[in-house]
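Numbering (this note's numbering) for the sequence shown: 2 to 188.
Virtual Cβ for every residue (Gly too), placed ideally from N, Cα, C.
From a predicted model like this one, the values you see are computed outputs, not experimental measurements.
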Amino acid sequence: MVMRASINSTTIELVQGDITRQDTEAIVNAANTSLLGGGGVDGAIHHAAGPGLLAETRTLGGCNTGDARLTGGHNLQARYIIHAVGPVYRPDDVEAARLLASAYRRRLELAVEHGIKSIAFPAISTGVYGYPLDEAAEIALETVISLVAQSRDIGLARFVLFDARAFDVYSRTLSAMADKKEDLRLL
Ligand code: APR
């Protein structure tokens, strides 16, 4: 399943699939502060990228929640991996919402700094970190769409959802946004 929208010069794409199999220039990892691997997206990316990734992340000295670090893609199709650390969800915690938005913003900033034109995001914090999908989808799409609306640097921002439920939540969120934002057009 794929859903597309356009804003400014960027295509926003929702796909159901596996982040490790994306052909974008960069993929984003849902990492932890150690950057030394884990389960979920983190485990899948380290497994697919191979041991060279861990050797590289060991040299980075970790990453704060809400921040992002860049490495090579190693055995992945993607040339780069942007490791971002989302917040652990706590109900009514505005700090968690701010940190999740920050994690998306820092990843896009890093991508632009490295001239990356296409990037694939997993649904950061919605797994082990417990963020409700609907709240996370709103923050993810709102943050990325508001950033790409102001710059012409990113050609494709793809959200890779692992299952049909996540795809459904993200697609309903994107449709609702397109109803409110006149410069966001569903394709
Ligand atoms: N491709 C795309 N999405 C995936 C994949 C995959 N291969 N595997 C899991 N997902 C989805 C999950 O279904 C969830 O919706 O990615 C979302 C994020 O889940 P997690 O990987 O658990 O990430 P997060 O919630 O941010 O927790 C990060 O988990 O694996 C550890 O080291 C990691 O400590 C960190 C924490």
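- With 16 or more other Cβ atoms from the protein chains shown falling within 10 Å of its own Cβ, residue 43 counts as buried.
- Residue side-chain check: residue 130 places its Cβ nearer than 7 Å to a non-hydrogen atom of ligand 1.
- In the three-state DSSP reduction, residue 44 falls in the helix class (H, G or I).
- Residue range 11–17 is occupied by the beta strand (DSSP E) that includes residue 14.
- Taken from the Cβ of residue 31, at least one heavy atom of ligand 1 lies inside 7 Å.
- Approximately 13 Å separates the beta-carbon atoms of residue 142 and residue 109; this is outside 8 Å, ruling out the contact.
- Rounded to whole angstroms, the gap between the alpha carbons of residue 70 and residue 188 is 32 Å.
- Under the three-pair Cβ rule at 8 Å, the segment 59–78 counts as touching the segment 32–49.
- In this chain, residue 86 is not harboured by any beta strand (DSSP E), its DSSP state being neither H nor E.
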